[in-house]
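Asker: The sequence shown runs 60 to 628 under this note's numbering.
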Amino acid sequence: MPDFKRYLPILTWGQDYNKSALTNDLMAAFIVTIMLIPQSLAYALLAGLPPEAGLYASIVPIMLYAVFGTSRALAVGPVAVVSLMTAAALSNIVEQGTMGYAVAALSLAGLSGVILLAMGLFRLGFVANFLSHPVIAGFITASGIIIAASQLKHILGIDAHGHNLLDLVISLVKHLPEINWITAIIGIAATGFLFWVRKGLKPLLEGLGLNATLTGVAVKAGPVAVVVVTTLVVWLFGLSEHGVKIVGAVPQSLPPLTFPSLSPSLIGQLLVPAILISLIGFVESISVAQTLAAKKRQRIDPDQELIGLGAANIGASLTGGFPVTGGFSRSVVNFDAGAETPAAGAFTAVGLAFAALALTPLIFFLPKATLAATIIVAVLSLVDFSILKRAWGYSKADFAAVSATILLTLAFGVEAGVSAGVGLSILLHLYKSSKPHIAEVGLVPGTEHFRNILRHEVITNPAVVTLRVDESLYFANARFLEDQIHARVTRDKNIRHVILQCSAINDIDLSALESLEMINERLKEMDVKLHLSEVKGPVMDRLTQAHFLQDMTGRVFLSQFEAAQALRY
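1. With Ala498 and Asp529 assumed to form a contact (beta carbons below 8 Å), what rounded beta-carbon distance in angstroms separates them?
2. Determine the contact status of Val392 and Ile90, defining contact as a CB-CB distance below 8 Å.
3. Do Val598 and Ile564 have their C-beta atoms within less than 8 Å of each other?
4. Taking the alpha carbon of Ala348 as the reference point, which residue from Ile93, Leu626, Val135 and Gln74 has its own alpha carbon closest?
5. What does the alpha-carbon distance come out to for the pair Pro193 and Leu467?
6. Would you list the residues sitting across from Val409 in a DSSP beta bridge?
7. Who are the Cβ neighbours of Pro61 in its own chain at under 8 Å, not counting the five residues just before and after it?
8. Got a sec, what are the start and stop residues for the beta strand (DSSP E) Glu499 sits in?
9. Mapping the DSSP letters down to three states, classify Arg358 as helix, strand or coil.
10. I need the DSSP call for Pro61, collapsed to helix, strand or coil.
11. Taking the CB atoms as reference points, tell me whether Val557 and Leu526 lie closer together than 8 Å.
12. Below 8 Å between beta carbons: does that hold for Ala280 and Ile422?
13. Could you please give the first and the last residue of the uninterrupted alpha helix (DSSP H) stretch that includes Lys233?
14. Please report the residue range of the alpha helix (DSSP H) in which Arg547 lies.
15. I need the straight-line Cα distance from Leu487 to Pro495, nearest angstrom please.
16. Can you tell which of Ile512, Val517, Leu513 and Asn511 has the C-alpha that lies nearest to the C-alpha of Gly505?
17. Are the beta-carbon atoms belonging to Ala249 and Thr289 less than 8 Å from one another?
18. Going along the chain, which residues of its own chain have a beta-carbon closer than 7 Å to the beta-carbon of Gln155, five neighbours each way excluded?
19. Can you list, in chain order, the residues of its chain with a C-beta nearer than 6 Å to that of Glu583? Leave out the 5 residues immediately preceding and following it.
20. In terms of residues, what are the limits of the beta strand (DSSP E) holding His556?
21. Along the chain, where does the beta strand (DSSP E) containing Ser592 start, and where does it finish?
22. Which word fits Leu589, buried or exposed, when buried means at least 16 other C-beta atoms lie within 10 angstroms of its C-beta?
23. Have a look at Pro282, Val306, Arg65 and Asn239 and flag the residue whose alpha-carbon is nearest the alpha-carbon of Phe424.
24. In chain order, what are the residue ranges of uninterrupted alpha helix (DSSP H) at least 4 long that sit wholly in the segment 254–323?
25. Inspect the CB distances between the segment 379–398 and the segment 325–345 and report whether three or more fall short of 8 Å.
26. State buried or exposed for Asn151, treating a residue as buried only when at least 16 other CB atoms are found within 10 Å of its CB.
27. In the DSSP output, which residue or residues are listed as bridge partners for Phe509?
28. Should Thr419 go down as buried or exposed, given a rule of 16 or more other Cβ atoms within 10 Å for buried?
29. Have a look at Ser562, Gln624, Asp568 and Leu430 and flag the residue whose alpha-carbon is nearest the alpha-carbon of Ile214.
30. Can you name the residues that DSSP bridges to Gly385?
31. So, at 6 Å on beta carbons, what are the nonlocal neighbours of Ala370 in its own chain, with the 5 sequence-adjacent residues on each side left out?
32. Pick helix, strand or coil for Val523, following the three-state DSSP scheme.
33. Quick one: any contact between the segment 72–87 and the segment 389–404, if contact means 3 or more CB pairs under 8 Å?
34. Give a yes or no on whether the C-beta atoms belonging to Ala535 and Leu489 are separated by under 8 Å.
So, in structure tokens, the structure goes:
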């Protein structure tokens with residue numbers, strides 16, 4: 060049974076499910092469903108798909124995640140960044156609005172699902188660590204700007220295209236004379252109202268004496284109110300006949316059974332975008348899940364999360380959807396609304412299924428400008444330029460990475476931006492670890508502790524140099540260590556012993572081992588002995604398997620103090 064519980068977390072939380080949890084989950088599901096109906100339609104529009112695809116992508120995937128996921132509050136479905144990446148990937152392959160585009164979306168979701176599932180089964184959740192948080196923050200900020208800019212065409216009722224900010228701005232300016240003023244009034248009014256709902260409605264209702272629960276429901280229902288009012292206005296005044304673009308007929312049905320294309324050519328074209336979408340989706344999802352879990356002292360299993368998200372995406376590909384992941388805003392709402400278990404997500408899916416089955420005729424006259432307003436208000440909350448200030452104050456290298464990611468995303472689009480982000484994250488790590496901090500240390504008087512000679516008053520021995528390497532040794536920094544030791548020894552003829560204090564070294568790869576052998580030989584030629592101290596067990600096991608210890612001119616000491624005593628500090 061333990062193995063089943065690992066792969067089916069529902070067996071863990073399901074056995075303790077009770078009436079209290081049911082009540083809380085139902086309330087959370089009601090609130091989240093209200094929020095998700097307009098949001099799902101809007102994100103389908105952003106992905107370049109029919110509005111019903113957003114509802115379909117929010118039903119079966121949520122249910123599958125409830126079975127396989129480990130987060131009790133994560134709400135899975137379409138999100139802004141992944142929807143934009145979907146549109147960017149597919150528009151380069153097939154024409155938007157065609158049957159081929161919808162099939163390609165299914166294939167992208169299926170491929171992303173298979174990638175995530177494989178990563179989970181092979182326990183590759185650590186791969187996401189190669190995306191640094193500053194770089195991800197920069198990418199999401201730039202993506203938010205592009206998404207908001209891409210929706211201005213719907214707000215203004217004009218035609219504009221482009222997958223980067225420059226192309227979008229040029230296209231918008233070019234078509235500016237074609238503004239449909241009725242659409243613009245609807246779009247601007249809807250956007251302004253939604254911003255006010257986010258910032259001003261809550262204080263107003265609290266001032267009127269409404270309790271927190273009712274206030275929360277009212278704030279979350281803001282987008283629904285905009286949908287209802289603008290739909291009624293367009294219908295009553297026949298505004299669709301005056302150029303206001305509407306959603307139109309939406310199939311009144313549950314998610315259909317669909318199959319992604321298995322064409323090798325299409326899969327080949329979608330592979331890189333699927334990998335990028337999988338990584339970004341997983342990083343966004345796991346960040347939200349771990350943040351919310353920490354508030355209730357719950358545990359998230361990253362590898363099982365990969366399986367849960369993989370199952371959700373495969374489910375989306377088989378039920379008329381597109382790539383999905385855990386969303387920040389909906390998950391926070393789900394958590395704040397009192398969700399106790401993933402069953403809240405399943406109940407949300409039931410609510411959305413009802414909407415797809417019974418409510419779709421009511422949105423025939425829903426203006427696309429309203430959905431665009433929903434997207435703009437949602438994504439602008441993701442834009443955070445404060446990361447630039449924090450990065451500048453803390454690390455210039457991180458600042459350069461964040462700035463480059465933002466600029467590349469804005470200039471060349473999301474695929475180029477996330478690819479650059481991945482590359483920059485890895486290069487940043489290699490750069491930092493390729494020049495590790497190496498401190499020359501001495502004995503703190505009256506203690507057995509050794510500290511940096513540049514920071515503390517310490518005792519040293521002219522014949523002995525102790526260097527503490529504050530990084531694991533591998534191919535990228537092995538030569539740097541060689542050069543540092545060589546430079547230190549050659550400028551002081553009194554040195555007879557070099558001790559490498561290995562307390563911060565967790566691993567030594569083959570390249571670094573060869574460098575240690577080279578250091579040992581060079582020091583031997585200069586009549587200087589090489590010693591090691593405080594070597595960790597796993598590192599010692601690796602060194603014991605090689606011939607290095609037998610050839611080393613010095614000794615291995617259990618502690619740095621023992622080394623100092625033996626070499627008479």
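Glycine is no exception: its CB is placed at the ideal position from the N, C-alpha and C atoms.
It should be emphasised that the depicted structure is a prediction, and the values quoted were computed from it without experimental measurement.
Answerer: Reading from the atomic positions:
1. Your numbering for residue 498 matches position 439 in the sequence shown. Your numbering for residue 529 matches position 470 in the sequence shown. Between Asp529 and Ala498 the Cβ distance is about 7 Å, and since that is below 8 Å, they are a contact.
2. Counting from 1 along the sequence shown, the entry for residue 392 is found at position 333. Counting from 1 along the sequence shown, the entry for residue 90 is found at position 31. Yes, they are a contact pair.
3. Walking along the sequence shown from the start, residue 598 turns up at place 539. Walking along the sequence shown from the start, residue 564 turns up at place 505. Their beta carbons are under 8 Å apart, which means Val598 touches Ile564 by this criterion.
4. Locating residue 348 in the sequence shown gives position 289, where the first residue counts as 1. When each option's Cα is compared against that of Ala348, the closest is Val135.
5. Here residue 193 refers to the residue found at position 134 of the sequence shown. Here residue 467 refers to the residue found at position 408 of the sequence shown. The alpha-carbon atoms of Pro193 and Leu467 are separated by roughly 15 Å.
6. Sequence index remark: in the sequence shown, residue 409 carries index 350 (1-based). According to DSSP, Val409 bridges with nothing at all.
7. Position 2 of the sequence shown, counted from the first residue, corresponds to residue 61. Per-residue confidence for Pro61 stands at a pLDDT of 49, beneath the threshold of 50, marking its modelled position as unreliable; the derived number appears in the next sentence. Taken in chain order, the list of residues that qualify is empty.
8. Numbered from 1 along the sequence shown, position 440 holds the residue referred to as residue 499. Start and end: Ile497 to Leu502.
9. Taking the sequence shown and counting its residues from 1, one reaches residue 358 at position 299. Coil.
10. In the sequence shown, counting from the first residue as 1, residue 61 sits at position 2. At Pro61 the pLDDT is 49, less than 50, meaning the model places this residue with poor confidence and gives no usable figure here.
11. Taking the first residue of the sequence shown as 1, we reach residue 557 at position 498. Taking the first residue of the sequence shown as 1, we reach residue 526 at position 467. Contact: yes.
12. The residue labelled residue 280 in the question sits at position 221 within the sequence shown. The residue labelled residue 422 in the question sits at position 363 within the sequence shown. Contact: no.
13. Taking the first residue of the sequence shown as 1, we reach residue 233 at position 174. That run of the alpha helix (DSSP H) goes Leu224 to His234.
14. For the purposes of this step, residue 547 is taken as the residue at position 488 of the sequence shown. Counting along the chain, the alpha helix (DSSP H) containing Arg547 begins and ends at Ala537 to Thr549.
15. Looking up residue 487 in the sequence shown gives position 428. Looking up residue 495 in the sequence shown gives position 436. When rounded, the distance between both Cα atoms is 13 Å.
16. The residue you call residue 505 lines up with position 446 of the sequence shown. Gly505 has its Cα closest to that of Val517, out of Ile512, Val517, Leu513 and Asn511.
17. In the sequence shown, counting from the first residue as 1, residue 249 sits at position 190. In the sequence shown, counting from the first residue as 1, residue 289 sits at position 230. For Ala249 and Thr289, yes; Cβs fall inside 8 Å.
18. Looking up residue 155 in the sequence shown gives position 96. Correct list, in chain order: Gly107.
19. Start at 1 with the first residue of the sequence shown, and residue 583 comes out as number 524. As written in the sequence, residue 583 is Lys, which differs from the Glu given in the question. Contacts found: Thr612.
20. To locate residue 556, count along the sequence shown from 1; it is residue 497. His556 to Gln560 is the extent of the beta strand (DSSP E) around His556.
21. If you number the sequence shown from 1, residue 592 lands on position 533. Start and end: Lys588 to Ser592.
22. Within the sequence shown, the letter at position 530 stands for residue 589. Flag for Leu589 reads buried.
23. Taking the sequence shown and counting its residues from 1, one reaches residue 424 at position 365. It is Val306 whose Cα lies nearest to the Cα of Phe424.
24. 261–266, 271–279 and 281–295
25. yes
26. If you number the sequence shown from 1, residue 151 lands on position 92. By the 10 Å Cβ count, Asn151 comes out exposed.
27. Within the sequence shown, numbered from 1, the residue matching residue 509 stands at position 450. Partner(s): Leu502.
28. The residue labelled residue 419 in the question sits at position 360 within the sequence shown. It is buried - the Cβ of Thr419 has at least 16 other Cβ atoms within 10 Å.
29. Residue mapping note: residue 214 aligns to position 155 of the sequence shown, counting from 1. It is Leu430 whose Cα lies nearest to the Cα of Ile214.
30. Residue mapping note: residue 385 aligns to position 326 of the sequence shown, counting from 1. Gly385 pairs with Val135.
31. Reading the sequence shown from its first residue, position 311 is the one you call residue 370. The residues are Leu123 and Phe127.
32. The residue you call residue 523 lines up with position 464 of the sequence shown. In the structure shown, Val523 sits in a strand (DSSP, three-state: E or B).
33. yes
34. Here the question's residue 535 lines up with position 476 in the sequence shown. Here the question's residue 489 lines up with position 430 in the sequence shown. Yes, they are a contact pair.
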